[in-house]
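Numbers 95 to 322, taken from the working numbering, label the letters of the sequence shown in order. What follows is one structure encoded as structure tokens, with my remarks underneath.
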Amino acid sequence: MAQPRILIVEDEADIAELLVYKLGREGFDVEVCPRGDTALERARHHPSPDLVLLDLMLPGLDGLELCRHLRREPATASIPIIMLTAKAEEVDRIVGLELGADDYIVKPFSPREVALRVKAVLRRTAGPERAADLIEVGELRLDVAGHRLFVCGEEVMLTATEFRLLERLMASPGRVLTRNTLLADAWGYSSDVDSRTVDTHVRRLRRKLAAEADRIETVIGVGYRLRG
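Spelled out as structure tokens, the structure:
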């Protein structure tokens, strides 16, 4: 089996070297790009990386712009992205999630934490064995096996995290799912991530669901449910 390919976009050589060492020890095929513009070109190549670890402050093209470009292009739209952010950049973290980042890690971080997050994102991207290959609720049609969503007959592009979140909601129509439950089921962990991560992804999902957006209902103080 081929090693998962990780593209690290980081211009601080000491941080990049630490990540390369740790992820390499964990069995990943790691490549480093110190500039945002060169990283964009690399991600467009075939084969594309299985995951991008993305710093925000970069020469050539900053991390937020790079994320925006990756999510706009069909060939790179589904590549999982984990952003590396400083503690003072809360606004940038929220913007990054709005742009489609799957997760974020706050600096300073431990290499072990990064490796665990990378594994968690790749696990949910691959997805476990599912009982159903097709889930339909209203005008939403989720092709689980093909990793495709159709809304009113039109295909809608989702990131890997958005897909997992919607799948979890559609698998339990009418049931209220707490933010912690969604973090645990769709993200793979719950205790160390701000619950606003769920809210941000739900907002993105609602925009993409268009006419079916109101099907995702907010239960104030608890979480979300999908109206059947």
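Glycine residues also receive a C-beta, built at the ideal position from the N, C-alpha and C atoms. What you are looking at is a predicted structure, and each value in this text was computed from that prediction instead of being measured.
Reference residue i; option with closest CA among the options
i: Glu-104; options: Pro-143, Arg-136 and Leu-152; result: Leu-152
i: Ala-180; options: Glu-207, Pro-168 and Leu-150; result: Leu-150
i: Cys-161; options: Leu-216, Glu-125, His-140 and Tyr-198; result: Tyr-198
i: Leu-178; options: Val-208, Glu-167 and Arg-298; result: Val-208
i: Gly-121; options: Leu-113, Arg-273 and Cys-127; result: Leu-113
i: Thr-253; options: Arg-218, Leu-263 and Ala-107; result: Arg-218
i: Ile-173; options: Leu-210, His-140, Arg-269 and Arg-235; result: His-140
i: Ala-137; options: Lys-201, Glu-111, Arg-166 and Glu-256; result: Arg-166
i: Pro-205; options: Glu-159, Glu-256, Glu-111 and Arg-99; result: Glu-111
i: Ala-214; options: Pro-202, Asp-237, Ile-175 and Gly-118; result: Ile-175
i: Pro-98; options: Leu-164, Asp-156, Lys-201 and Val-212; result: Val-212
i: His-163; options: Pro-143, Leu-145 and Glu-135; result: Glu-135
i: Leu-228; options: Thr-255, Glu-248, Met-264 and Cys-127; result: Met-264
i: Ile-188; options: Phe-203, Thr-312 and Arg-297; result: Arg-297
Beta-carbon proximity check, residue i vs residue j, cutoff 7 Å
i: Glu-192; j: Thr-294; result: yes
i: Cys-246; j: Ala-307; result: no
i: Arg-272; j: Gly-317; result: The question names Arg, but residue 272 is Thr in the sequence shown. In contact: Thr-272 and Gly-317 (Cβ atoms closer than 7 Å).
i: Ile-102; j: Leu-147; result: yes
i: Arg-319; j: Arg-258; result: no
i: Gly-154; j: Arg-129; result: yes
For residue i: DSSP bridge partner residues
i: Ile-229; result: Leu-236
i: Ile-310; result: Leu-320
i: Arg-243; result: It should be noted that the sequence gives Leu, not Arg, for residue 243. The partner list for Leu-243 (beta bridge, DSSP) reads Leu-236 and Val-250.
i: Arg-99; result: Asp-123
Rounded C-alpha distance that separates residue i from residue j
i: Thr-170; j: Asp-279; result: 25 Å
i: Val-250; j: Thr-132; result: 28 Å
i: Ala-195; j: Glu-233; result: 26 Å
i: Leu-277; j: Ser-266; result: 15 Å
i: Asp-186; j: Ala-96; result: 34 Å
i: Gly-190; j: Leu-299; result: 15 Å
i: Arg-301; j: Leu-260; result: 13 Å
i: Ile-314; j: Arg-262; result: 19 Å
i: Ala-239; j: Glu-230; result: 13 Å
i: Leu-158; j: Leu-117; result: 23 Å
i: Arg-309; j: Arg-242; result: 18 Å
i: Leu-303; j: Trp-281; result: 21 Å
i: Asp-156; j: Lys-201; result: 17 Å
i: Glu-332; j: Pro-143; result: Missing from the structure shown is residue 332; the chain here goes from 95 to 322 and no further.
i: Asp-237; j: Phe-244; result: 8 Å
i: Ile-100; j: Asp-123; result: 6 Å
i: Arg-235; j: Thr-312; result: 21 Å
i: Val-126; j: Tyr-115; result: 12 Å
i: Leu-216; j: Glu-256; result: 14 Å
i: Glu-168; j: Phe-203; result: According to the sequence displayed, residue 168 carries Pro and not Glu. Rounded to whole angstroms, Pro-168 to Phe-203 spans 31 Å at the Cα level.
i: Glu-106; j: Asn-274; result: 34 Å
i: Leu-210; j: Leu-145; result: 13 Å
Test: residue i CB closer than 7 Å to a CB of chain B
i: Asp-197; result: Chain labels in this structure do not include chain B; a single protein chain is all it has.
Original post:
Counting only runs that start and end within the segment 101 to 152, where is the alpha helix (DSSP H) found for 4 or more residues in a row?
Top reply: 107 to 119 and 130 to 138
**OP:** Run through the segment 175 to 219 for me and flag every whole alpha helix (DSSP H) of 4 or more residues, listed as ranges in chain order.
**Re:** 184 to 193
Original post:
Taking only runs of the beta strand (DSSP E) that begin and end inside the segment 248 to 299, which ones reach a length of at least 3 residues, in chain order?
Top reply: 248 to 250
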